[in-house]
Every structure is written in C-alpha cells, then in structure tokens.
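Numbering (the UniProt record's numbering), first residue to last: 1 to 775.
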C-alpha cells in the first residue's frame, strides 16, 4: 500500500518522520525499532525519502501462496503484473507465476523455486515412466494384460499417479485454486481443471467402477486416464524448470553491473590504512586505489595520476587519464598508477547504483503494446473453458464410440494446450532482455514506453556542445579592443565566469588558471539564460556574453569587432564579448573540438532513415560551419532554451516523432518536450532526469544503438505475439478435434501438454536472442 503523507499516520524519530497506513502498522514498526528488529512483519522495510522525511511504503500480503522467506525482506513483484508486490518470494495471484525481486542481488544465484521445481520434475519422471509402460505397453506388443489383471493394473496406476498429481503437481494445483478464488483465471486454472478431471474420473473408475456407465467402457473395462494426468503434470513441470532457468538469464545484465563494484575499499585514516566493506565508506573518506583495482565509489582524485579504463560503463575502449581534481566513477578499472580518491557519492548515490536501479525499473515496466495482450488475456481463459465444454458436448453427442472417452480427451486437450503463459510472456520477456542488452552498451532505457516510442522516431534533434563536440571547450584566442591587455581581459572575464557552470565559462576560468592569473573578487553575479553573465568587479559592472546580450545592456559593438567575430565564427569558433559597464574591452574565442566519432555517427543516423537537426545557442556563422562540415540536414543558431522547447513542439505538431539529444540544464525543457529525450551521461542531473534514454558514455553513437535496440526489441515482441496468437489459433481447434472428420487425427492430452510447455519456453528463447543483437 502506498501511503499519502498528507493523510497517513505519522511517527517522528529524531530528524526522520515515518508514515503508516494504520495504527497497527505504526505499533509494529515502533516495537521493531525498539527491539532492533529489521522489519515489522509483512511490511516493506524500504522507505521513500522526501528531504529529511520518510514515507514508508507497506504491503499487506493477502495473496501469496508461499510464506515469505524470513531472510529475504526485499520487495517481490510479478513480471507480467507489476502492480503485484509483496515482501519476500511467492506467486502472483493473477497469473500464478513466481514473483521476482525488484532489486537483484549477487546472492540470488541459488534459486529455491528452480531447485524445488527440478526436484518435483525428476520425481514425476521416475513415476510417470513406468505408468506409461503400463498403459502404452500393449500398443507396442508388451503382454501387460497377461501379466496384470484389470483390477491390479488399475490400482498400480493409481499408486504411481497419485504422488505425481498431488505432490509433484501441488504448486500447480494450488496456483490453479488461487486463480479461481481470486477470480483471475490463468494457465494454472486450465492445468488444474484438466488434470484433476482426468485423475478424479480415473479414481472413480478404480474405486467405484459400477458408477461408470457401460457406454463409457473400453474393451470391457472402465477407462483410466492416470497416465494423462501424470504426464501432463510432469511436462508442465519441465516447462516451469526451463522457464525459470531462462528467466534467470534475463537478469544477467544487472548482475554484470553489480559485479563491477569491488567488495572492499582501502580507507586511509590518521592511524593508517584499513580495508572496509563498501557499506562502511562515507562521504569525505579518502580511499586508496591501486593498479588493477576497481573504483569503490564515485569521487574525485585527491592524489596521484593514472589511466582508468571506463569501457565497462561508457563503451570507450581507450583508457582515460586521471589526475588531481578529476572525477572517477565506481566500477571503473584503475590501470597504471596508484590513486587516492575522496569519496563523494557512496551506496545508492553512485552512478553505478543509479544505473542498476534504472535498468531494473525499466525491465519491470510495461510497453503500451501490452494493453492489447491484457485485453485478450482477460477473455482468453473463459473462452478456452467454454471451448472445452463445447468440444465435450459435441463429441459426447455425435462423436464415435466410445463417445465419453473421446469427449473427455478432447476437452482435456483443449484445456491443456491453450496456455496463456506464452501470450503473457511475449512482451515482458522481450522488454527485460532488450533493456538489459542496452545496459551492456551504455544505453539506459527509462521504461518500456520509451523503447516502443523510440522505434517510431524519424527526427533526431541535437545540441552542439557536448553532443556533437567533446564538451570540453578551450580558449584559442583572446583579442583586446583597447588599452586592456590580454591577461587583464581574461582575468576580468574569468572573475565573472567562475560563478557559472556553463562549459564555456569553465574554459575561460581554466585558461586564466593556466596563465596563473590572479582573479579579482566579484560580487552580485547574475545570469541571463541564453545571453550571458555579469558581476561587479572593482566597482564596475563586467559583462561577458553574446552580441545581443551586450547591445541590450547598452554596449556599443564596433564594426571591426563584429568583423573579427564573424571571421572566427566562420572557422567554427564560439566568440564571447567582454565589456566594462558600457565599454567593449574585447572578445574571447573558444573552440570545442568535434568528437572523432561524430562524422561516422551522423552517417549511420542517415542510413537509419532519420533526419538530423542541430539546435545551438551559438552564432549563425559558427553553427553553419559545423553543420556544413558534418553534413547535418538542418540547423538553427542563436536558439534559447525556450526556443529549443518550442521548436521540438513545432516538429511534433507537424507529425514528426522527435528524439532530442542534449547534455545541459538548458536542454532539459526540450528533452521533456520531445517524444524521446536522450541525455548524455556526462551531462547534468537535470538533463538526465528529463530524458527517457541516458547514454552513459555521453556519445551520440548511443542514439544509433538506442534506435537499433528499439527496432530489434519491438520486432521481437511482434514475433512473440504472432507466435503466441498463432499457436493458440491452431492448437485449440486441433485439440478440439476439427481435423478428425477429414484426417482422423486426434491430439493426445500428453502431446498437448508438451506443446503447451514448449510454447512458453519458445517465447522466452526467442526473447533471449536479443542478447546477441548487434547494435
């Protein structure tokens, strides 16, 4: 139950406030804290933080068929019905499938459900094999009837079949019963009805043969269907085992990410160096990372220099040089030198943890195409039961002798072969594997809806700085317009820009630091979005920004300065003006190199049939130079964040499906307005929060990968749905016996059970093919 802090019952404990759905929940929670217990019974120990308050999310387990493992207090959910949640493992009350943990752990390798199902399956095989020999032996010439009387043979079949149905098949029967109790029919409803019908009828045939009408007899004896019930249970268990093993592989991407983090960190203290577990590392701790070790947390280099392999997160094969002041990310591999880093983000705050959470959430999300499946599934099981009744009635009325035997077999076959599991798995399995495949390539999908929308994208809108370029601009020229020296001009500009977070501002400050200039103090900083910045320095108002920002502030730009600026912009430079009060002091030219991969990426974008549009706040001449060099279809210069947003809206109103790629705070409005926002992982948190796709490596190649991934995943989903719908469309009529009048074909319930189990496994197997998709 999600609780609303505005109406929930609260409990304050120091600086934290917890919220509960009832007084009973509150009492249990308070008691558990006082006794140092980890979690109140049947409640979620996870809390959602809101500033320094917590809104506790609880779940009352009314539906689970299994008691939660006391050692596992994670939240479990159904992959087909994500609204179902409970503490600890169990089965879904709607579809009967095993619930999966919302958070994957490296300790999940030994799955109790798989071991239990495997054990039940092998017991079923051991008992069903001799049962098949007893019933099918006479068909291949074995003199079974000479060895055993009908009464002894019947009792022997009962002894062999009963453990298979009631012990091996118990989890299946319980799920079938739960589906009836909760009025949510599913595949286990059909299995339970079909197998129990065969078993109960056979039981009467053994215990009370006089109750069976003579018209139903075969070869002078009451018919027995123990072997059908036992073999069906065994084959369904085989399907469950194969399904559980295949499903475990879908969490491989998250496990691979979790394995990137080391187990311990080397913390440096006043008393020396000590090895500590990661959960004991705190912000501000200094940690030593030796060559060949992985970064334990996100931080900044405090001492030393080294090359760091970031390919496991970014996909970039070349190591990145790190020195004092550079940021490092948890999970990346230190190669050559020893580093001392200062921890900045630990635990769930690290980039790696956020990636794991994002991938897990995306794998559980539902694509819009799932709505079609939900509508069909709601009517599917009732329709199958009606079909089975009709098949039974037709065979019992006009079928060949023995009519009842044929009618019962046809009805059971219809119930067993019509497995909605394949239909329900078609979409979520592809989503889980597709999202995991993207994570391995550094393409993080926010949810399934984004993945589905990305397939229909026909226009890609990109920012220039940090998207097409490296995002690491550097000052190339400092041009003075008067008596002010270059160093004085650069120092004044840096004094103002040191309060800004814009990449161009950083480049000016870095240039001043490289020249070892003393920066004067500044105050009263203000910023005009898309225009420039200004501060008071030594009693004068210093402005740094674009021509429009200058003229709006009353600064007169001379024709010579304008011509110089135009010449620099035509070479791809970005030019910012510097003025004191209303007097122009000069200009600073900044170059942001184009990424080496950008030309090839743009070529691939065109090969995919996508139109590329560049929106930039740079001047017309700079934007034109970059657009012509890169063969960009369309560009717009001097665009403010509001205009970027409006332009994206305009494209959508024209019927275009737009993906917007950007990395800065100024890109956030356009990212939110686009059909799919694509944020560079090197960018701001605001941009990432506004986006549906995050590229960990901050490389535009991720747009190509995301497009290819979405197309492959949606194609895979359609294949699965076509297979599931087609399978049932063909299987149910054949099981009902429509081919019997023409070809004399009847489908054995055992064959139906095998086909049903393999259909689900086939859907999962097809989804797993996405793991090998080339992006």
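Cβ coordinates follow ideal geometry from the N, Cα and C atoms, glycine included. Being a predicted model, the structure only gives us computed values, none of them experimental.
Could you tell me if residue 282 is buried or exposed, where buried requires 16 or more neighbouring beta carbons within 10 angstroms of its beta carbon?
In the chain shown, residue 282 corresponds to position 282, counting from 1. Exposed, since its Cβ has fewer than 16 Cβ neighbours within 10 Å.
Please report the straight-line C-alpha distance between residue 775 and residue 528, rounded to a whole angstrom.
To locate residue 775, count along the chain shown from 1; it is residue 775. To locate residue 528, count along the chain shown from 1; it is residue 528. Distance between the alpha carbons of residue 775 and residue 528: 41 Å.
Sorted by chain position, which residues of the same chain lie with C-beta nearer than 7 Å to residue 604's C-beta, five sequence neighbours on each side aside?
Position 604 of the chain shown, counted from the start, is the residue given in the question as residue 604. The residues are 704.
Strictly by DSSP, which residues pair up with residue 101?
On the chain shown, position 101 is the one that residue 101 refers to. Bridge partners of residue 101: 76.
Below 8 Å on the Cβ atoms is my contact criterion, and I expect residue 680 with residue 695 to pass it. Report the Cβ-Cβ distance as a whole number of Å.
Along the chain shown, read from residue 1 onward, the residue named residue 680 stands at position 680. Along the chain shown, read from residue 1 onward, the residue named residue 695 stands at position 695. Going by Cβ atoms, the distance from residue 680 to residue 695 rounds to 6 Å, so yes, they are a contact pair.
Mapping the DSSP letters down to three states, classify residue 12 as helix, strand or coil.
The residue given as residue 12 occupies position 12 in the chain shown. When secondary structure is reduced to three states using DSSP, residue 12 falls in the strand class.
Taking residue 450 as the reference, give the member of 482, 518, 677, 428 with the closest Cα.
For the purposes of this step, residue 450 is taken as residue 450 along the chain shown, with counting starting at 1. Selected option, being the one with the closest Cα: 677.
Taking the alpha carbon of residue 133 as the reference point, which residue from 120, 153, 121 has its own alpha carbon closest?
Mapped onto the chain shown, residue 133 falls at position 133. With respect to the C-alpha of residue 133, the residue from 120, 153, 121 having the closest C-alpha is 153.
Count the other CB atoms, across all protein chains shown, that sit within 10 Å of the CB of residue 767; report buried if there are 16 or more and exposed otherwise.
In the chain shown, counting from the first residue as 1, residue 767 sits at position 767. Residue 767 should be labelled buried.
Under 8 Å between the Cβ atoms of residue 495 and residue 522?
Taking the chain shown and counting its residues from 1, one reaches residue 495 at position 495. Taking the chain shown and counting its residues from 1, one reaches residue 522 at position 522. Result yes, Cβ atoms of residue 495 and residue 522 sit closer than 8 Å.
Could you tell me whether the Cβ atoms of residue 839 and residue 519 are closer together than 8 Å?
Since the first residue shown for the chain is 1 and the last is 775, residue 839 is missing from the structure and cannot be characterised.
Below 8 Å between beta carbons: does that hold for residue 452 and residue 369?
The residue given as residue 452 occupies position 452 in the chain shown. The residue given as residue 369 occupies position 369 in the chain shown. Taking 8 Å as the Cβ cut-off, residue 452 and residue 369 qualify as a contacting pair.
Check whether the segment 268-277 and the segment 218-232 are in contact - that is, three or more C-beta pairs closer than 8 Å.
No contact exists between the segment 268-277 and the segment 218-232.
Just to confirm, are residue 497 and residue 537 a CB contact at a threshold of 8 Å?
As a working mapping, residue 497 is identified with position 497 in the chain shown. As a working mapping, residue 537 is identified with position 537 in the chain shown. Contact: no.
Please specify which runs of the beta strand (DSSP E), each continuous and at least 3 residues long, are wholly inside the segment 414-484, giving them in chain order.
443-445, 459-463, 474-480
Would you call the CB atoms of residue 776 and residue 412 closer than 8 Å?
Within the shown structure, residues of the chain are numbered from 1 to 775, placing residue 776 beyond reach of any answer.
DSSP three-state call for residue 644: helix, strand or coil?
Here residue 644 is taken as the residue at index 644 of the chain shown, counted from 1. Helix at residue 644.
Give me, in chain order, the residues of the same chain whose beta-carbon lies closer than 8 Å to that of residue 573; leave out the 5 immediate sequence neighbours on both sides.
Residue 573 sits at position 573 when you count from the first residue of the chain shown. So the list reads 476, 477, 589, 590, 591, 622, once near-sequence residues are dropped.
Find the nearest neighbour of residue 160 within the set 174, 128, 181, 136, judged by alpha-carbon distance.
Indexing the chain shown from 1 puts residue 160 at position 160. Just measuring C-alpha positions, the residue of 174, 128, 181, 136 sitting nearest residue 160 is 128.
Put residue 569 into one of helix, strand or coil per three-state DSSP.
The sequence position of residue 569 within the chain shown is 569, counting from 1. Correct three-state label for residue 569: helix.
Along the chain, where does the beta strand (DSSP E) containing residue 532 start, and where does it finish?
Position 532 of the chain shown, counted from the start, is the residue given in the question as residue 532. For residue 532, the uninterrupted beta strand (DSSP E) run begins and ends at 532-537, by DSSP.
Would you report the Cα separation of residue 85 and residue 120, rounded to the nearest angstrom?
Residue mapping note: residue 85 aligns to position 85 of the chain shown, counting from 1. Residue mapping note: residue 120 aligns to position 120 of the chain shown, counting from 1. Their backbone Cα atoms lie some 27 Å apart in a straight line.
Does residue 201 pass the burial test, meaning 16 or more other C-beta atoms within 10 Å, or should it be called exposed?
Counting from one through the chain shown, the residue named residue 201 turns up at place 201. With 16 or more other CB atoms across the displayed protein chains lying within 10 angstroms of its CB, residue 201 is buried.
Hey, is residue 336's beta-carbon within less than 8 Å of any beta-carbon in chain B?
Absence of chain B from the displayed structure is noted, only one protein chain being present.
With DSSP run on the structure shown, which of helix, strand or coil describes residue 680?
Working through the chain shown from its first residue, we reach residue 680 at position 680. Three-state DSSP puts residue 680 in a strand.
List the residues that DSSP assigns as beta-bridge partners of residue 19.
Taking the chain shown and counting its residues from 1, one reaches residue 19 at position 19. 10.
Quickly, what does DSSP pair residue 540 with across the bridge? List them, please.
Here the question's residue 540 lines up with position 540 in the chain shown. Partner(s): 537.
Evaluate contact between the segment 636-643 and the segment 432-446, counting only Cβ atoms and requiring at least three cross-stretch pairs below 8 Å.
Taking 8 Å as the limit for Cβ pairs, the verdict is that the segment 432-446 does not touch the segment 636-643.
Quick one: give me the first and last residue of the beta strand (DSSP E) that residue 302 is part of.
Mapped onto the chain shown, residue 302 falls at position 302. Unbroken beta strand (DSSP E) run through residue 302: 298-303.
Pull up the distance between the alpha-carbon of residue 341 and that of residue 349, whole angstroms please.
To locate residue 341, count along the chain shown from 1; it is residue 341. To locate residue 349, count along the chain shown from 1; it is residue 349. For residue 341 and residue 349, the distance between alpha carbons rounds to 16 Å.
Going by alpha carbons, who is nearest to residue 616 out of 608, 429, 278, 546?
Looking up residue 616 in the chain shown gives position 616. It is 546 whose Cα lies nearest to the Cα of residue 616.
Taking the DSSP output, what are the residues bridged to residue 334?
Locating residue 334 in the chain shown gives position 334, where the first residue counts as 1. Beta-bridge pairing links residue 334 to 308.
Hey, could you find the ends of the alpha helix (DSSP H) residue 584 is sitting in?
Translated into positions along the chain shown, residue 584 becomes position 584. For residue 584, no alpha helix (DSSP H) run applies; the uninterrupted beta strand (DSSP E) run containing it begins and ends at 583-591, by DSSP.
Is it right to say residue 322 is buried, meaning 16 or more other beta carbons lie within 10 angstroms of its own, or is it exposed?
On the chain shown, position 322 is the one that residue 322 refers to. Buried.
Could you give the distance in angstroms between the alpha-carbon of residue 691 and the alpha-carbon of residue 384?
Counting from one through the chain shown, the residue named residue 691 turns up at place 691. Counting from one through the chain shown, the residue named residue 384 turns up at place 384. Each residue's Cα considered, the two are about 43 Å apart.
State yes or no: is the C-beta of residue 674 within less than 8 Å of the C-beta of residue 648?
Position 674 of the chain shown, counting from 1, holds the residue named residue 674. Position 648 of the chain shown, counting from 1, holds the residue named residue 648. If you check the CB distance, residue 674 and residue 648 come in under 8 Å.
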